[in-house]
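Going by UniProt numbering, the residue at position 204 of the sequence shown is 204; the numbering climbs one at a time, nothing skipped.
Beta carbons are placed, not taken as given, at the ideal position from N, Cα and C, and that holds for glycine.
See below for the structure under consideration.
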Amino acid sequence: MEDVKIVNHIQEYDDMIGAETLHPLVNVVNFSKLPPIRNYKMYRLFGYYAVYLKGGQSAKLHYGRGMYQYKEGALVFFAPGQVGGAEDDGEYHQMTGYVLMFHPDLLKGTALSQIMQQYSYFSYDINEALFPTEEERNILICFFEHIEKELRNRDECSVSIIIDYIKLILDYCVRFYDRQFSTRQVQNKDVLVRFEQIINNYFHSGDAIEKGVLTVQFCADKLCLSTNYFNDLIRKTTGVSALKLIHRQMLDISKEKLLGTNKRVNEIACELGFQQSQNFSNWFKKMTGCTPNEYRHVKY
């Protein structure tokens, strides 16, 4: 990947776009208040969290190794260690929308720092962006403006209040994603059907023997989805995780082979992707309460 600029500090980004840095560890930028910006062809390695609320214009955005059409009104999340950048068309654009940036150091010693990994949308791909409704968008803008107000009128309580606002924003985004998942039921059911097909094909084609136990990441890759987005989508659609659905299917196949064939346990283990038959036996006992041999003998 060429022209990667490491942007560890919020002020570095502020300087790039001509924004005022209100605090070294947290800032809100209202793009409509800035002069026109040119999107230089450059990848940025983020050293902080960023929540972009897109304005009325559409643009091409690099995320990881891909390039996506960043649609108007989208909400996109970046975490430290992720790479992003805009496509340069040689023109200056009057940007609109907001970005909230906060450094991990801001959260050190706080309750929020202990649960940041729960906000799985920070690991979604850019094409899995959130598209808030007008009402949801107004809620987020209200929080952004409250944070900016606290930054401009700081006192000893401001940092705690700002962190509380950040948590509110993140929690509201969980709610908004839940709404988006529920309003895309047709697409979600299509993903579920294709997921089930991937599981069946994997175990009936011999892929498990060659590639090992089926993983959620393998299925997500086949569906061209990020692992976190895929798992959240499956959980919202079915009530259980993608891994649990895989294990249910594996268990059904295991039982069929134990009762419907004379294959040895180590053969069945190999066909399900387990390198060691003992690992298969331990997994089977965890799922059913008995070993494969015990299950076979009890049923017979």
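{"Check": "Go ahead and pull the three-state DSSP assignment for Tyr119.", "Outcome": "coil"}
{"Check": "Taking Val29 as part of the beta strand (DSSP E), name the residues at either end of that continuous run.", "Outcome": "26-30"}
{"Check": "Can you tell me whether DSSP reads Ala74 as helix, strand or coil?", "Outcome": "coil"}
{"Check": "Using alpha carbons as the reference points, say which of His23, Pro35, Ile6, Asn27 lies closest to residue 331.", "Outcome": "No answer is possible for residue 331: the residues shown for the chain start at 1 and end at 300."}
{"Check": "Just curious, the beta strand (DSSP E) that Ala50 is in, first and last residue?", "Outcome": "49-54"}
{"Check": "Got a sec, what are the start and stop residues for the alpha helix (DSSP H) Met250 sits in?", "Outcome": "242-260"}
{"Check": "Quick check: what's the CA-CA separation for Gly206 versus Asn262?", "Outcome": "18 Å"}
{"Check": "How about His93 and Pro36: do their beta carbons lie closer than 7 Å?", "Outcome": "yes"}
{"Check": "Residues bridged to Val99 by DSSP?", "Outcome": "Val29, Tyr52"}
{"Check": "Expressed to the nearest angstrom, what Euclidean distance is found between the alpha-carbon atoms of Trp283 and Ile246?", "Outcome": "13 Å"}
{"Check": "What is the rounded straight-line gap between the Cα of Pro80 and the Cα of Arg264?", "Outcome": "48 Å"}
{"Check": "Which word fits Arg44, buried or exposed, when buried means at least 16 other C-beta atoms lie within 10 angstroms of its C-beta?", "Outcome": "buried"}
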